[in-house]
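J.: Below you'll find the structure I mean.
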Amino acid sequence: MLSFLLVLCVFELCQGSQRPLVIGHRGTAYLPELTLASQSMAHAYGADIIEIDVCLSRDNHLIVIHDINLDGVTNVADVFQNRSRSDGFHYVIDFDLHELRSLTVHERVRPLNGTQVFPLRFPSTSNVPFHLSTLNETIELLLNLNRATGRQRQLLIEIKKPEYHSKHNKSISSIVLATLKSYNLTQSTDPIILQTFHIEELMNIRKNLSSQLRLFALMTWNYVGESSSDYDFYRSEEGIRNLSKVVQGLAPDHQFVVNYDGNGAIISTSNFTKWAHQYGLSVYPYTFRKDLFLGSSFEQLVEYFWHEAKVDGFITDNPDVILELLQRGEISASSCTTVLNVFLSMFTFLFHIIRI
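According to mature numbering (1 follows the signal peptide of the UniProt record, and there is no 0), the sequence shown holds residues -16 to -1, 1 to 340 in order.
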């Protein structure tokens, strides 16, 4: 009986030892976001999944960029001085691919004054030439890096603002699926996951476009105006239960997962992860940025979300940092297997002795 209890204890320990997944948000924080260089760095760092965003160009090419406008991360205002809309911004959907190819990409700045959003990151004034890429190029980069390194990373594709694209008579989700199909990436076992903030579009992808790919539901506050979806409903228990019929994972603002006090200190976990796990969904909150946390506070944040909130992964600009923190605190699966085998051997030996 004692041996059985020891084996059970070790088994339980091993079961809880698997670390959360690490998702490299826009690649990494160390090179201009979403460039092929940044994606490659995330792959090299060991991110389990690399997250990108796609918008459509005027000639229906899927461009890897976070915003529907170009001004925050490119030199579009210098190259195309008379092509802005009345609001002063230059929109991806107003340019053809060959025009977008002529732009250079820099670290994110505030378009109104040109100041760098994250001052300690790669200098936005650098002369190193980075460029926009297409989804096709990103897919080929991932597949070829997986082949060359023997390390199987995945790609998380955020479909940007489907409603906005629909107003321009473009079905961005259909084009994404067609592009993926051309690489024979259509099944839930393929290294592709789709996500969007427009929850109803996920239902369209699953039910009307008949996609078998894994889907994640992005969630934010209603007041942000990211889409017409009602996130207050979808983060309720009933909403999460409904989503479980369509998606495999939830990607909420981290503030949905824990409760903060007025000073930004965590005071407790919410019911979000509990409800998600109850209905078989994984939880991958965003965005964990080391720039925003001083000293050991980032490590403490990661520890809390891992051990107390029990999230299944982290969407982060710093995949290397979170991987190091997780690996520092985890019991490796191989070690668990070794210990479990030792206990099983001991159990078999003792059982044999008792029989004799």
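For every residue, glycine included, the Cβ atom is placed at its ideal position computed from N, Cα and C.
1. Give the DSSP-derived three-state secondary structure of His9 in the structure shown.
2. Entirely within the segment 44 to 97 and at least 4 residues each: give me those alpha helix (DSSP H) ranges in chain order.
3. When DSSP labels each residue in this structure, what does Ser117 get in the three-state scheme?
4. Distance check for Glu292 and Thr88, CA to CA, integer angstroms please.
5. Under 8 Å between the Cβ atoms of residue 342 and Pro4?
6. Beta carbon of Val160, beta carbon of Ile177: below 8 Å?
7. Quick check: the Cα distance between Leu20 and Gly8, rounded to an integer number of angstroms?
8. Run through DSSP, which three-state label would Ala26 get?
9. Candidates Thr12, Asp32, Ala235, Met203: which alpha carbon is nearest Phe106's?
10. If Phe181 sits next to Glu210, beta carbons under 8 Å apart, how far is it from one beta carbon to the other, in whole angstroms?
11. Quick one: what's got a C-beta closer than 8 Å to Glu83's C-beta in the same chain, skipping five residues either side?
12. Is the distance from the Cβ of Thr300 to the Cβ of Phe272 below 8 Å?
13. Rounded to the nearest angstrom, what separates Ile315 and His74 at their Cα positions?
14. Residues bridged to Asp37 by DSSP?
15. Below 8 Å, can you find three or more Cβ-Cβ pairs linking the segment 162 to 173 to the segment 273 to 292?
16. How about Tyr263 and Ser212: do their beta carbons lie closer than 8 Å?
17. What is the residue span of the beta strand (DSSP E) that Gln179 lies within?
18. Under 8 Å Cβ to Cβ from Gly30, same chain only, skipping five residues before and after it: list those, please.
19. Considering only their Cβ atoms, is the gap separating Phe114 from Pro236 smaller than 8 Å?
20. Compare the beta carbon distance of Ile49 and Leu139 with 8 Å and say whether it is the shorter of the two.
21. With H, G and I counted as helix, E and B as strand and the rest as coil, what does DSSP make of Met203?
T.: Result, derived from the coordinates:
1. Reading the sequence shown from its first residue, position 25 is the one you call residue 9. His9: strand per DSSP, three-state reduction.
2. 60 to 63, 81 to 84
3. Translated into the one-based positions of the sequence shown, residue 117 becomes position 133. Here Ser117 sits in strand by DSSP.
4. Within the sequence shown, residue 88 is the residue found at index 104, counting from 1. Within the sequence shown, residue 292 is the residue found at index 308, counting from 1. Whole-angstrom Cα-Cα distance: 43 Å.
5. Given a span of -16 to 340 for the chain in the structure shown, any question on residue 342 remains unanswerable.
6. Residue numbering aside, residue 160 sits at position 176 when the sequence shown is read from its first letter. Residue numbering aside, residue 177 sits at position 193 when the sequence shown is read from its first letter. Going by C-beta atoms, Val160 is not nearer than 8 Å to Ile177.
7. By 1-based counting over the sequence shown, the position of residue 20 is 36. By 1-based counting over the sequence shown, the position of residue 8 is 24. In a straight line, the C-alpha of Leu20 is about 13 Å away from that of Gly8.
8. Translated into the one-based positions of the sequence shown, residue 26 becomes position 42. Of the three classes helix, strand and coil, the one that applies to Ala26 here is helix, per DSSP.
9. Counting from 1 along the sequence shown, the entry for residue 106 is found at position 122. When only C-alpha atoms are compared, the closest one is Thr12.
10. By one-based count along the sequence shown, residue 181 stands at place 197. By one-based count along the sequence shown, residue 210 stands at place 226. Rounded, the Cβ-Cβ distance is 4 Å, consistent with contact.
11. Locating residue 83 in the sequence shown gives position 99, where the first residue counts as 1. Here the set comprises Phe64.
12. Here residue 300 refers to the residue found at position 316 of the sequence shown. Here residue 272 refers to the residue found at position 288 of the sequence shown. Less than 8 Å divides the Cβ of Thr300 from the Cβ of Phe272.
13. One-based indexing of the sequence shown puts residue 315 at position 331. One-based indexing of the sequence shown puts residue 74 at position 90. Model confidence at Ile315 stands at a pLDDT of 42, short of 50, so the residue's coordinates are unreliable; what they give is reported in the following sentence. Near 49 Å, if we compare the C-alpha coordinates of His74 and Ile315.
14. Here the question's residue 37 lines up with position 53 in the sequence shown. For Asp37, which the question treats as bridged, DSSP gives the partners Glu142.
15. The segment 162 to 173, when compared against the segment 273 to 292, does not touch it at the 8 Å Cβ threshold.
16. Here the question's residue 263 lines up with position 279 in the sequence shown. Here the question's residue 212 lines up with position 228 in the sequence shown. No, Cβ-Cβ distance for Tyr263 and Ser212 is not below 8 Å.
17. Numbered from its first residue, the sequence shown carries residue 179 at position 195. From DSSP, the beta strand (DSSP E) with Gln179 extends over 176 to 180.
18. The residue you call residue 30 lines up with position 46 of the sequence shown. Excluding residues within five positions, the ones whose Cβ falls inside 8 Å are Val6, Arg135, Pro303, Asp304, Leu307.
19. Stepping through the sequence shown from its first residue, residue 236 is reached at position 252. Stepping through the sequence shown from its first residue, residue 114 is reached at position 130. For the pair Pro236 and Phe114, the CB atoms are not nearer than the 8 Å cut-off.
20. Working through the sequence shown from its first residue, we reach residue 49 at position 65. Working through the sequence shown from its first residue, we reach residue 139 at position 155. No; because the gap between Cβ atoms is not below 8 Å, this pair is not in contact.
21. As a working mapping, residue 203 is identified with position 219 in the sequence shown. Strand, per DSSP.
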